[in-house]
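Structure, as structure tokens:
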Ligand SMILES: [Zn+2]
Ligand SMILES: [Zn+2]
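Residue numbers (UniProt numbering): 1 to 396.
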């Protein structure tokens with residue numbers, strides 16, 4: 001077995017709050033997995049030794065909510081054709097990886113091209129990109145959130161949902177995204193509008209779970225949030241208006257919230273001048289409420305997973321994931337450890353935590369190397385020239 005041995009590493013493993021000072025870890029070059037973590041590892045003759053120089057090694061970030069086919073400068077992705085969209089999607093993936101994201105879940109992709117992109121990555125035909133969990137196009141109702149050209153699978157009955165979900169899974173979707181409420185992205189729909197019926201969503205959940213796939217529901221307000229929880233989805237995306245009763249329901253059922261607060265903040269802070277007034281106003285009103293409600297959910301023990309909604313207006317791909325961690329500390333009141341843990345929670349939600357999400361034996365060696373201790377200041381993760389490794393290979 002040919003190994004890479006990283007020595008003099010200060011390891012934050014994503015599981016323990018304490019950093020392991022001046023440790024070593026070994027990676028099997030063939031499998032890309034960590035085989036050993038110890039204070040000292042003596043190298044064999046054909047092992048490669050890499051001196052980390054007392055820098056900090058931390059798990060690659062898992063982002064559970066991204067849109068690589070969206071353009072942060074155009075709210076609906078505009079009328080880019082499939083070729084341009086594909087080129088931009090690959091650029092987006094590279095930006096994610098450079099920022100420290102080693103695994104991204106799609107939550108609806110225009111043209112459904114995340115599925116073939118993921119396949120090409122798996123076949124080794126696209127490099128310098130993170131692992132991808134592909135959703136294909138999101139499922140929405142006529143006139144619902146995401147019902148724009150090439151944007152969504154439009155369904156208007158339980159039977160239509162069943163057929164479309166089965167087609168999506170047949171095409172290779174790893175996960176399913178449904179739209180349970182209005183939002184800030186579609187002209188003319190609002191957060192307090194329920195979208196899709198509980199029956200339609202239940203069918204989506206049944207068909208996806210039957211194939212061991214997870215379901216994410218865009219739900220910003222009520223009754224959309226409640227409907228989606230009742231339908232049995234795995235995660236509520238945004239959840240800005242989650243209430244006490246829903247918090248209790250989510251705890252009981254193990255439903256996650258992926259708050260994507262950077263998306264709300266980006267629209268509000270940067271979009272004032274350039275976005276349509278209706279869009280900016282909707283978000284500005286909701287933002288303070290969102291902080292309060294998500295914080296309450298967190299304090300009451302709901303699982304919070306990392307996601308950014310990158311691709312939405314002014315919500316770029318390059319540094320928003322590390323910034324979301326900072327916002328978890330600043331706005332939701334998490335410790336640095338709990339903030340970083342949202343990345344591991346994302347791995348749990350995505351059911352990949354047996355192989356990803358932390359620096360532990362038998363997991364893939366997906367990690368970042370940064371100068372400062374993220375457990376002292378989460379902003380350390382925002383270092384622009386960090387090193388990024390995927391399966392033990394240096395990518396940036
Ligand atoms: Zn959404
Ligand atoms: Zn989204």
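Note that beta-carbon positions come from the ideal geometry of N, C-alpha and C, so glycine has one too.
When distances are taken from the beta-carbon of residue 108 to the heavy atoms of ligand 2, the shortest one is below 7 Å. By the criterion of at least three beta-carbon pairs nearer than 8 Å, the segment 378 to 390 is not in contact with the segment 148 to 156. The continuous stretches of alpha helix (DSSP H) do not include residue 8, which lies in the beta strand (DSSP E) extending over residues 3 to 11. Within the segment 239 to 294, the beta strand (DSSP E) runs of at least 3 residues that lie entirely inside it are, in chain order, 256 to 258.
Secondary structure within the segment 113 to 156: the beta strand (DSSP E) runs of 3 or more consecutive residues, fully enclosed, are 131 to 133, 138 to 140 and 152 to 154 (chain order). Contact check for residue 271 against residue 70 fails: the beta carbons are separated by 8 Å or more. By the neighbour-count criterion, in which a residue is buried when 16 or more other Cβ atoms sit within 10 angstroms of its Cβ, residue 300 is exposed. Here the alpha carbons of residue 378 and residue 388 stand approximately 17 Å from one another. Of the residues 27, 309, 36 and 161, the one whose Cα lies closest to the Cα of residue 264 is 309. Boundaries of the beta strand (DSSP E) harbouring residue 179: 175 to 179, taken from the DSSP string.
Cβ neighbours of residue 228 within its own chain (closer than 7 Å, five residues either side excluded): 180, 201, 217, 219 and 236. In terms of Cα proximity to residue 261, the closest of 341, 26, 207 and 326 is 326.
The residues 27, 32, 33, 34, 389, 391 and 392, in chain order, have a CB closer than 7 Å to that of residue 365 in the same chain once the five nearest residues on each side in sequence are set aside.
Contact annotation: residue 169 and residue 102 have beta-carbon atoms that are not nearer than 8 Å. Boundaries of the beta strand (DSSP E) harbouring residue 48: 48 to 51, taken from the DSSP string. Distances taken from the Cβ of residue 192 to the heavy atoms of ligand 1 include none shorter than 7 Å. In this structure, DSSP gives residue 15 a state outside helix and strand, which the three-state scheme calls coil.
DSSP places residue 158 inside the alpha helix (DSSP H), whose first and last residues are 158 to 171. Going by C-alpha positions, residue 41 is about 6 Å away from residue 24. Around the C-beta of residue 38, fewer than 16 other C-beta atoms lie within 10 Å, and the residue is accordingly described as exposed. Apart from sequence neighbours up to five positions away, the residues of its chain that approach residue 289 with a beta-carbon distance below 8 Å are 240 and 241, ordered along the chain. Contact annotation, residue 14 with residue 307: C-beta distance approximately 17 Å; criterion of less than 8 Å not satisfied. Checking the 7 Å criterion, the Cβ of residue 127 is out of range of every heavy atom belonging to ligand 2. Rounded to whole angstroms, residue 175 and residue 284 show a C-alpha spacing of 31 Å. Residue 189 is classed as buried because its beta carbon has at least 16 other beta carbons within 10 Å across all chains shown. Contact between the segment 344 to 356 and the segment 90 to 105 is present, with at least three C-beta pairs closer than 8 Å. Taking non-hydrogen atoms of ligand 1 into account, the C-beta of residue 269 is found less than 7 Å away from none of them. Collapsing the DSSP output to three states places residue 97 in a helix. The beta-carbon distance between residue 275 and residue 223, rounded to whole angstroms, is 27 Å. This is too long to meet the 8 Å contact definition. In the displayed model, residue 315 falls within coil according to three-state DSSP, outside both helix and strand. For residue 309, the CB falls within less than 7 Å of some heavy atom of ligand 1.
Straight through space, the alpha carbons of residue 281 and residue 94 are spaced by roughly 32 Å.
Residue 297 and residue 52 have their C-alpha atoms roughly 39 Å apart. Taking residue 318 as the centre and dropping the five residues before and after it, the same chain places the C-beta of 95 and 99 closer than 6 Å to its C-beta, in chain order.
Within the DSSP secondary-structure output, residue 66 pairs in a beta bridge with 106 and 310.
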